[in-house]
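>
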Amino acid sequence: MNKISDNRAWWLVLPVFLLVAFSALIPLMTVVNYSVQDIFGPGQAFFVGTEWFKSILADQRLQDSLIRQFVFSGFVLLIQIPLGIGVALMMPKSGIKGSLCLILIAIPLLIPWNVVGTIWQIFARGDIGLFGWGINQLGIDYNYTGDTLDAWLTVLLMDVWHWTPLVALLCYSGLRAIPEAFYQAAEIDRASKWAVFRYIQLPRLKSVLIIAVLLRFMDSFMIYIEPFVLTGGGPGSSTTFLSQTLTTMAIGQFDLGRAAAFSLIYFLIVLLISWLFFTAITQADKEK
Amino acid sequence: MAEIQLKSLAHSYSDSPTGPDDYAIRQLDHVWHKGGAYALLGPSGCGKSTMLNIISGLIQPSEGEVLFDGKRVNELSPRDRNIAQVFQFPVIYDSMTVYENLAFPLKNNKVPADRIKTRVQEIAEVLEIEDKLHKKAKNLTADEKQKVSMGRGLVREDVSAILFDEPLTVIDPQLKWKLRRKLKQIHEQFDITMVYVTHDQLEASTFADKIAVMYGGQVVQFGTPTELFEAPNHTFVGYFIGSPGMNLVEVERCAGGVCFDSTVVPLEPWQADLLERMTSTNVKIGIRPEFIEVSAISSDDTYESEVLDVEDLGTYKIVTVRLANQEMKVRQNEEFEADLGSQIHLSFPKQWLMLYVDEFLIQEQQR
Amino acid sequence: MRQTRSKNIGIIIYILLLLTPVYWLLNMSFKTNREILGGLTFWPKNFTLDNYVVIFTDPSWYNGYLNSMAYVSINVVITLLVALPAAYAFSRYKFAGDKHLFFWLLSNRMAPPAVFLLPFFQLYSSIGLFDTYIAVALAHCLFNVPLAVWILEGFMKGVPREYDEMAYIDGYSFPKFFIKVFLPMIRSGIGVTAFFAFMFSWVELLLARTLTSVDAQPIGAIMTRTIGASGIDWGLLAAAGVLTIIPGVLVIWFVRNHVAKGFALGRV
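From first to last, the protein sequence lines are chains A, B and C. Once you know that position 169 of the first sequence is 169 in full-length UniProt numbering, the rest is easy, because the numbers rise by one and skip nothing. Once you know that position 115 of the second sequence is 115 in full-length UniProt numbering, the rest is easy, because the numbers rise by one and skip nothing. Once you know that position 28 of the third sequence is 28 in full-length UniProt numbering, the rest is easy, because the numbers rise by one and skip nothing.
(1) Anything in chain C within Cβ reach of residue 274 of chain A, meaning under 8 Å, just list it in chain order.
(2) Could you check whether the Cβ of residue 282 of chain B sits closer than 8 Å to any Cβ belonging to chain A?
(3) Using a Cβ cut-off of 7 Å, pull out every chain A residue sitting near residue 256 of chain C, in sequence order please.
(4) Under the DSSP definition of a beta bridge, which residues are partnered with residue 12 of chain B?
(5) Quick one: any contact between the segment 135–153 of chain A and the segment 176–184 of chain A, if contact means 3 or more CB pairs under 8 Å?
(6) Which ranges would you report for the alpha helix (DSSP H) in the segment 43–124 of chain B if only whole runs of at least 4 residues count?
(7) Please classify residue 305 of chain B as buried or exposed, where buried requires at least 16 neighbouring CB atoms within 10 angstroms.
(8) With a threshold of 8 Å between beta-carbons, can residue 182 of chain A be considered close to chain B, or not?
(9) List, in chain order, every chain B residue whose beta-carbon is nearer than 9 Å to that of residue 195 of chain A.
(10) Determine the extent of the alpha helix (DSSP H) in which residue 142 of chain B is found, giving its start and end residues.
(11) Compare the C-beta of residue 95 of chain B with all C-beta atoms of chain A and state if any pair is closer than 8 Å.
(12) Of all Cβ atoms in chain B, is any one closer than 8 Å to the Cβ of residue 189 of chain A?
(13) With 8 Å as the threshold, decide whether the Cβ of residue 217 of chain C is near any Cβ in chain A.
(14) Using a beta-carbon distance below 8 Å, is residue 220 of chain A in contact with chain C?
(15) Verify the CB distance criterion: does residue 277 of chain A have a CB-CB separation below 8 Å to chain B?
(16) Could you tell me whether the segment 148–159 of chain B touches the segment 114–132 of chain B, where touching means 3 or more Cβ pairs closer than 8 Å?
(17) In whole angstroms, what separates the C-alpha of residue 234 of chain C from that of residue 52 of chain C?
(18) Is it right to say residue 215 of chain C is buried, meaning 16 or more other beta carbons lie within 10 angstroms of its own, or is it exposed?
(19) Could you work out which residues of chain A lie near residue 83 of chain B, taking near to mean beta carbons separated by less than 8 Å?
(20) Using the Cα positions of residue 209 of chain C and residue 49 of chain C, report the straight-line distance between them to the nearest angstrom.
(21) Would you report the Cα separation of residue 262 of chain A and residue 19 of chain A, rounded to the nearest angstrom?
(22) Enumerate in chain order the residues of its own chain whose CB-to-CB distance from residue 358 of chain B is below 6 Å, with the five nearest sequence positions on each side excluded.
(23) For a contact defined as C-beta to C-beta under 8 Å, what are the partners of residue 77 of chain B on chain A?
(24) Tell me which same chain residues have a C-beta within less than 7 Å of the C-beta of residue 48 of chain B, skipping the five on either side of it?
(25) Taking the alpha carbon of residue 105 of chain C as the point to measure from, which residue in C:147, C:243, C:154 has its own alpha carbon closest?
(26) Do you know offhand how far residue 204 of chain C's Cα is from residue 161 of chain A's?
(27) Residue 250 of chain B and residue 260 of chain B: beta carbons closer than 8 Å?
(28) Does the segment 7–15 of chain A come within contact of the segment 92–103 of chain C, defined as at least 3 CB pairs closer than 8 Å?
(29) If we cut at 8 Å on Cβ distances, does residue 357 of chain B have a partner in chain A?
(30) What span of residues does the beta strand (DSSP E) with residue 260 of chain B cover, start to end?
(31) May I have a chain-ordered list of the alpha helix (DSSP H) segments no shorter than 4 residues that lie completely inside the segment 222–281 of chain A?
(32) Using only the alpha-carbon positions, how far apart do residue 116 of chain A and residue 224 of chain A sit?
(33) Could you tell me whether the Cβ of residue 199 of chain A comes closer than 8 Å to any Cβ of chain B?
(34) From what residue to what residue does the beta strand (DSSP E) around residue 59 of chain C run?
(35) To be precise: take each residue of the segment 53–75 of chain B, compare its Cβ to all Cβ atoms of chain A, and keep it if any distance is under 7 Å. Which residues remain?
(36) So residue 238 of chain C packs on residue 29 of chain C, CB below 8 Å; how close in whole Å?
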């Protein structure tokens with residue numbers, strides 16, 4: 001659609017602008033302010049330049065949790081995207097069965113994140129949880145509160161449980177938008193199931209998949225509450241991701257300067273990667 | 001290639017049809033012979049697309065059988081029937097190039113790579129898109145897209161038949177004519193059974209050797225364009241084929257033939273004979289505007305009528321007249337002149353006067 | 001046919017796996033703590049509603065739900081009120097800095113809440129909004145408003161501009177056109193947007209917990225209190241969890257036909 005040039009449209013955007021500016025710009029300025037000062041108390045602040053940034057970049061905790069974060073987000077995408085596509089392909093196309101599937105699959109998305117943590121905290125325990133008990137019954141020694149690998153896998157499994165539905169629903173809506181004529185033509189052309197997926201469904205899922213990857217990357221990169229409730233970041237710091245490291249630093253230790261510098265670096269990483277995705281989306285929109 | 005036979009076919013889109021109105025196709029028997037070029041002609045909603053989709057297997061008929069070379073294929077998917085179909089609106093795989101689009105059905109059929117290459121080239125040349133082969137298909141114009149869509153149907157050599165579902169709807173009139181000739185050429189060249197659905201009689205008669213006219217879910221006549229014109233089997237064919245369509249007049253039985261208002265139209269003895277034996281009161285006579293003769297003077301077998309309108313269509317004229325209370329169209333050549341309101345005398349040559357009972361033609365061999 | 005069946009079996013298995021943890025939560029919520037700790041049972045032996053009774057009778061519990069509902073509702077209303085005109089502007093007009101503004105808005109959806117934790121705490125404390133519904137509602141606008149603008153813009157783009165022009169020709173003023181003609185046309189988009197705003201505000205806890213202490217404390221924060229001197233009261237925790245799932249399921253039922261499109265942010 002050709003848009004009209006009219007700067008008066010700013011009046012319509014103004015409320016959003018003011019609201020978001022209030023909620024985002026002021027806090028962001030505060031963060032920037034902290035990140036370049038050392039504050040001892042009211043009126044006792046010293047300008048320290050980039051010192052906090054240098055210190056935080058050299059901080060082992062940040063580096064470790066950053067690596068953990070990337071590995072985690074990587075696995076999240078690697079598992080959830082194909083699984084989500086698979087689920088979407090299996091969902092009934094319409095009717096009451098379709099609606100029912102949609103709602104049941106969406107349930108994990110509607111559960112408060114701390115409750116997600118709680119559910120898995122209970123579910124995965126060896127003594128009172130079905131999952132932990134079941135795994136132990138199979139003769140596999142499993143204890144997510146004690147074993148690093150178990151804890152890590154449990155957090156990953158929880159995230160897969162929690163968020164694959166989002167990918168599935170996105171892909172489902174993408175699949176629904178493909179006209180029936182394409183399937184008919186493919187059937188006539190004797191395309192195999194694989195060819196239908198590869199040449200008809202996948203290309204048309206491109207734009208929703210970009211959104212799915214974007215959302216899943218962002219949200220997994222900010223994950224906090226669920227592992228916090230489930231494992232508390234442990235054992236040791238094996239499931240401590242960026243947000244938790246930051247929160248501990250800012251609120252737990254009240255290490256304001258370093259926390260602020262951390263925040264900015266964190267934000268910039270997310271922003272940079274998201275910008276790449278965003279460019280990809282608008283590009284895809286244009287091609288349509 | 002195959003002979004396609006439809007046996008007491010019926011189809012309803014509703015799960016529990018309650019009456020004949022719920023059926024898109026009713027009790028239809030038909031044979032498409034091997035290697036013919038056929039058209040399936042009818043108004044929108046007559047069930048012709050449904051029939052096509054049943055042949056290709058996209059739709060499962062509710063009743064009856066579809067036979068390919070005598071074998072029942074009802075349960076086979078389009079894939080297993082090995083049939084090509086071109087849709088009304090272009091369907092192209094937009095992530096592929098034109099070449100890949102055309103090669104797609106061949107690849108799926110595991111045709112050797114070098115054969116694919118020559119075949120795609122061949123079809124691209126026929127459709128005149130060889131210079132676009134390496135373009136992305138989604139950047140094409142609507143015309144070109146439809147050509148690619150058709151190309152995917154034509155590219156396969158071993159198909160049982162190629163079905164066209166009004167494939168030229170989105171094409172320019174200029175190009176339409178050209179493409180139709182192309183299809184005809186391809187048919188002559190490769191000798192494949194082709195069924196071409198259209199609602200345009202001109203399109204049907206330029207493409208097809210034989211035309212099946214569909215009406216109300218049934219094939220009412222299957223014949224050459226000449227047969228459809230000269231002896232329409234059903235009043236609908238008379239009305240639908242020809243421009244303007246056949247003059248149809250409701251009549252009653254009376255002494256010496258049939259009559260409407262006070263006009264008596266004599267029948268051939270065999271016609272009268274057959275009519276005698278039928279009980280239906282739904283009787284019509286029909287005569288094509290082209291076959292009505294006009295003379296300036298009155299005689300025993302002429303009917304006096306009033307000229308209501310003369311329409312000059314360039315190479316001929318269509319005269320609208322009133323005979324008793326019936327309006328009729330008469331086709332005359334360019335030289336015809338008559339004042340509006342003047343009287344002219346019409347005669348109906350016996351061999352062109354058709355008699356319809358319950359909408360179907362009464363034919364001599366019925367005796 | 002066989003393929004549809006294997007698909008059906010696949011989806012049924014997936015849904016069963018998906019619902020197992022929820023079933024376990026439900027199962028536990030009907031058990032006494034003694035039964036839970038006594039051994040694994042697939043069905044409550046001594047079926048009890050005690051856990052629910054505690055939640056519905058103890059104000060410190062049910063107030064948690066009321067608090068959550070309150071800030072979520074305020075958030076949904078604010079989000080829609082500001083996002084509707086903005087989304088209209090983005091879908092219809094070009095204006096100075098529009099692309100940058102749009103990306104900047106979205107970048108806030110991408111901001112880790114943890115980054116804003118401390119500044120928010122200080123900001124709302126300093127203006128005296130700490131521990132109020134409005135503080136949480138405003139904080140949640142940070143990610144909900146950009147999302148709402150994005151979804152609504154996607155839906156609005158689907159309405160041809162001819163409608164706008166026709167309305168002007170018919171003599172409608174802009175506000176009248178917007179409310180009487182335009183909004184009804186994107187009804188489903190508004191429903192879906194409200195649903196998403198509800199959902200993200202309902203499930204978020206980090207900001208909600210940080211910006212409240214007593215009066216506006218959300219249910220999620222109260223749930224952490226089940227860790228008492230005698231260990232965790234699992235049954236009570238499970239019951240509280242079950243009750244947080246219900247509102248979401250009720251809400252999604254109303255927008256079920258449009259939710260797929262909404263999940264794609266109106267972009268299919």
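Virtual Cβ for every residue (Gly too), placed ideally from N, Cα, C.
On the basis of the supplied data:
(1) Working through the first sequence from its first residue, we reach residue 274 of chain A at position 274. Under the 8 Å cutoff, chain C gives 106, 107, 110.
(2) Position 282 of the second sequence, counting from 1, holds the residue named residue 282 of chain B. For residue 282 of chain B, the answer is no, since every Cβ of chain A falls outside 8 Å of its Cβ.
(3) If you number the third sequence from 1, residue 256 of chain C lands on position 256. Per Cβ cutoff of 7 Å: 99, 102, 103.
(4) For the purposes of this step, residue 12 of chain B is identified with residue 12 of the second sequence, where counting begins at 1. According to DSSP, which records beta bridges pairwise, residue 12 of chain B is partnered with B:23.
(5) no
(6) 48–56, 78–81, 98–108
(7) For the purposes of this step, residue 305 of chain B is identified with residue 305 of the second sequence, where counting begins at 1. Per the 10 Å Cβ criterion, buried.
(8) Here the question's residue 182 of chain A lines up with position 182 in the first sequence. Yes, because at least one Cβ of chain B sits closer than 8 Å to the Cβ of residue 182 of chain A.
(9) In the first sequence, the residue the question calls residue 195 of chain A occupies position 195. Neighbours of residue 195 of chain A on chain B, chain order: 104, 107, 108.
(10) Stepping through the second sequence from its first residue, residue 142 of chain B is reached at position 142. 142–154 is the extent of the alpha helix (DSSP H) around residue 142 of chain B.
(11) Taking the second sequence and counting its residues from 1, the one referred to as residue 95 of chain B is at position 95. Closer than 8 Å to some Cβ of chain A, the Cβ of residue 95 of chain B qualifies, so yes.
(12) Residue 189 of chain A sits at position 189 when you count from the first residue of the first sequence. True, the Cβ-Cβ gap to chain B drops below 8 Å.
(13) Sequence index remark: in the third sequence, residue 217 of chain C carries index 217 (1-based). So, not an interface residue.
(14) For the purposes of this step, residue 220 of chain A is identified with residue 220 of the first sequence, where counting begins at 1. Residue 220 of chain A does not count as touching chain C.
(15) If you number the first sequence from 1, residue 277 of chain A lands on position 277. Not closer than 8 Å to any Cβ of chain B, the Cβ of residue 277 of chain A fails to qualify, so no.
(16) yes
(17) Against the third sequence, residue 234 of chain C aligns to sequence position 234. Against the third sequence, residue 52 of chain C aligns to sequence position 52. Straight-line Cα distance between these residues: approximately 12 Å.
(18) Here residue 215 of chain C refers to the residue found at position 215 of the third sequence. So residue 215 of chain C counts as exposed.
(19) The sequence position of residue 83 of chain B within the second sequence is 83, counting from 1. Here the neighbours are 188.
(20) Mapped onto the third sequence, residue 209 of chain C falls at position 209. Mapped onto the third sequence, residue 49 of chain C falls at position 49. In a straight line, the C-alpha of residue 209 of chain C is about 28 Å away from that of residue 49 of chain C.
(21) Translated into the one-based positions of the first sequence, residue 262 of chain A becomes position 262. Translated into the one-based positions of the first sequence, residue 19 of chain A becomes position 19. Those two C-alpha atoms are separated by around 25 Å.
(22) Translated into the one-based positions of the second sequence, residue 358 of chain B becomes position 358. Taken in chain order, the residues that qualify are 280, 282.
(23) Residue mapping note: residue 77 of chain B aligns to position 77 of the second sequence, counting from 1. Per Cβ cutoff of 8 Å: 187.
(24) To locate residue 48 of chain B, count along the second sequence from 1; it is residue 48. For residue 48 of chain B, where only same-chain residues beyond five positions count, the Cβ hits under 7 Å are 40, 42, 197, 214.
(25) For the purposes of this step, residue 105 of chain C is taken as the residue at position 105 of the third sequence. Nearest option by C-alpha distance: C:147.
(26) Your numbering for residue 204 of chain C matches position 204 in the third sequence. Your numbering for residue 161 of chain A matches position 161 in the first sequence. Cα-Cα distance, rounded: 18 Å.
(27) Within the second sequence, residue 250 of chain B is the residue found at index 250, counting from 1. Within the second sequence, residue 260 of chain B is the residue found at index 260, counting from 1. Yes, these two residues count as a Cβ contact at 8 Å.
(28) yes
(29) Working through the second sequence from its first residue, we reach residue 357 of chain B at position 357. No, its Cβ sits nowhere closer than 8 Å to a Cβ of chain A.
(30) Mapped onto the second sequence, residue 260 of chain B falls at position 260. Element bounds for residue 260 of chain B: 257–260.
(31) 225–230, 242–247
(32) Walking along the first sequence from the start, residue 116 of chain A turns up at place 116. Walking along the first sequence from the start, residue 224 of chain A turns up at place 224. Each residue's alpha carbon lies about 12 Å from the other.
(33) On the first sequence, position 199 is the one that residue 199 of chain A refers to. For residue 199 of chain A, the answer is yes, since a Cβ of chain B falls inside 8 Å of its Cβ.
(34) Reading the third sequence from its first residue, position 59 is the one you call residue 59 of chain C. Where residue 59 of chain C is concerned, there is no enclosing beta strand (DSSP E), although the alpha helix (DSSP H) it sits in stretches over 59–92.
(35) 56, 58
(36) For the purposes of this step, residue 238 of chain C is taken as the residue at position 238 of the third sequence. For the purposes of this step, residue 29 of chain C is taken as the residue at position 29 of the third sequence. Correct: roughly 4 Å between the Cβ atoms.
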